[in-house]
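Q: So the sequence shown is numbered by the numbering used here: it starts at 1 and just counts up by one. We treat Cβ as the ideally placed atom computed from N, Cα and C, and that holds for glycine. Sharing a structure below in structure tokens format, with a few things to ask.
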Amino acid sequence: MSTATSQDEQFWNDLYDRSDRIWSGNPNAALVREATHLSPGHALDLGCGEGGDAIWLASRGWRVTATDISRVALARTRRYADEAGVGHLVDGEHLDLAVSFPAGEFDLVSAQFLQSPRELPRERILRRAAAAVRPGGTLLVVGHAAGPSWAPPEHQETLFPRAREVLDSLALAEDQWEEQRCEEWSRPQEGPDGQPGVMLDSIVRLRRRER
Ligand SMILES: C[S@@+](CC[C@H](N)C(=O)[O-])C[C@H]1O[C@@H](n2cnc3c(N)ncnc32)[C@H](O)[C@@H]1O
């Protein structure tokens, strides 16, 4: 990617600059649930944020290519991975997925909450993500399926795709893929003031059949 900062990158850098840590540092619950049983190989994390997932994968023996549009996020991923003692297993790649995509094939391609208030060609990126899964490998797409339970009603009107819509948008050849999970998952999460709340996620997990 060029060294110039695009408006999309600036948006995300500004968000990350608001605090030393934006996300919890923990891996996403859906990743832990869906990937714990997988044998380690080479994983691609799309929109890795501050690296919670990449570090969890690396601590389980995965080599991880961690991508993000934000240099601030990637610098944190690098720092936290080093602090966790897995920096040698995590490669950060700075890119705008709307423009380019990492080369190669991967045993796991994971997109966790690759969603943005900025324009993002998510469906196109996810189709490219599917193409990057090696035969026998896994595609895992997790996203918001609804706004948080504590959001005001006007924010509840934002439309988020359900798991079946995400799967259909991938337009995959059915004989080449095994559908392993396609569902909504409701999980408890505290709201900003510590009040109990609920998040609804969409989870799509697919295995690419061996050729
Ligand atoms: C909602 S955050 C999710 C971060 C992380 N996957 C997680 O679950 O904690 C979305 C991430 O996608 C990144 N992102 C947004 N647009 C992107 C783009 N066009 N190319 C690459 N990364 C992008 C953002 O910088 C941000 O780190």
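Nearest by alpha-carbon distance to Leu120: which of Thr3, Ala4, Glu9 and Arg162 is it?
A: Of the candidates Thr3, Ala4, Glu9 and Arg162, the one whose C-alpha sits nearest the C-alpha of Leu120 is Glu9.
Q: Since Ile125 is in the alpha helix (DSSP H), which residue starts that stretch and which ends it?
A: That run of the alpha helix (DSSP H) goes Arg122 to Ala131.
Q: Hey, Ile125 and Leu139 are a contact pair by Cβ (cut 8 Å); roughly how many whole angstroms apart?
A: Their Cβ separation, rounded to whole angstroms, is 12 Å, which puts Ile125 and Leu139 out of contact at 8 Å.
Q: Taking the runs of the alpha helix (DSSP H) that are 4 residues or longer, which of them lie wholly in the segment 62–138?
A: Within the segment 62–138, the complete alpha helix (DSSP H) runs of at least 4 residues are 71–83 and 122–131.
Q: State the start and end residues of the unbroken alpha helix (DSSP H) segment that holds Asp8.
A: Residues Gln7 to Asp17.
Q: Buried or exposed for Thr67, please, with buried defined as at least 16 other CB atoms from any protein chain shown within 10 angstroms of its CB.
A: Classification of Thr67: buried, given that the 10 Å Cβ count is 16 or more.
Q: Three-state secondary structure (DSSP) at Pro152?
A: Coil at Pro152, not helix or strand.
Q: Kindly give me the distance between the Cβ atoms of Ser59 and Val86, rounded to whole angstroms, as I take these residues to be in contact under 8 Å.
A: At roughly 6 Å, the Cβ-Cβ gap stays under 8 Å, so Ser59 and Val86 are in contact.
Q: If contacts are defined as beta-carbon pairs under 8 Å, then Ile203 and Glu178 qualify, I think. What distance do you get, rounded to the angstrom?
A: Incorrect: roughly 15 Å between the Cβ atoms, too far for contact.
Q: Would you report the Cα separation of Ile55 and Ala4, rounded to the nearest angstrom?
A: If you take the alpha carbons of Ile55 and Ala4, they lie about 28 Å apart.
Q: On the premise that Val109 lies in contact with Leu44, defined as a C-beta separation below 8 Å, what is that separation, rounded to the nearest angstrom?
A: Between Val109 and Leu44 the Cβ distance is about 5 Å, and since that is below 8 Å, they are a contact.
Q: Using only the heavy atoms of ligand 2, determine whether one of them is closer than 7 Å to the beta carbon of Gln189.
A: With respect to small molecules bound, the structure shown includes ligand 1 and not ligand 2.
Q: Give the range of the alpha helix (DSSP H) segment to which Arg208 is assigned.
A: No alpha helix (DSSP H) holds Arg208; the beta strand (DSSP E) holding it covers Val198 to Arg208.
Q: Does the distance between the C-beta of Ile69 and the nearest non-hydrogen atom of ligand 1 fall short of 7 Å?
A: Checking the Cβ of Ile69 against ligand 1 gives yes.
Q: How big is the Cα-Cα spacing for Gly197 and Ser186?
A: Using only the alpha carbons, I get a separation of about 10 Å.
Q: Looking only at its own chain, which residues have a Cβ that is under 7 Å from the Cβ of Leu200, when we skip the five neighbours before and after it?
A: Taken in chain order, the residues that qualify are Ala145, Ala146, Glu184 and Ser186.
Q: If you follow the beta strand (DSSP E) that Leu46 is part of, which residue opens it and which one closes it?
A: Segment His42 to Leu46, the beta strand (DSSP E) holding Leu46.
Q: Could you spell out the range, first to last residue, of the beta strand (DSSP E) harbouring Ser186?
A: Start and end: Trp177 to Pro188.
Q: If I follow the unbroken alpha helix (DSSP H) through Ser169, where does it start and stop?
A: Here the alpha helix (DSSP H) through Ser169 covers Ala163 to Leu170.
Q: Using DSSP with H/G/I as helix, E/B as strand and the rest coil, what is Leu212?
A: The chain is shown only over 1 to 211; residue 212 falls outside these bounds and no answer can be derived.
Q: Starting from Arg60, follow the alpha helix (DSSP H) in both directions and report where the run begins and ends.
A: It is not in any alpha helix (DSSP H) - Arg60 carries neither H nor E in the DSSP assignment.
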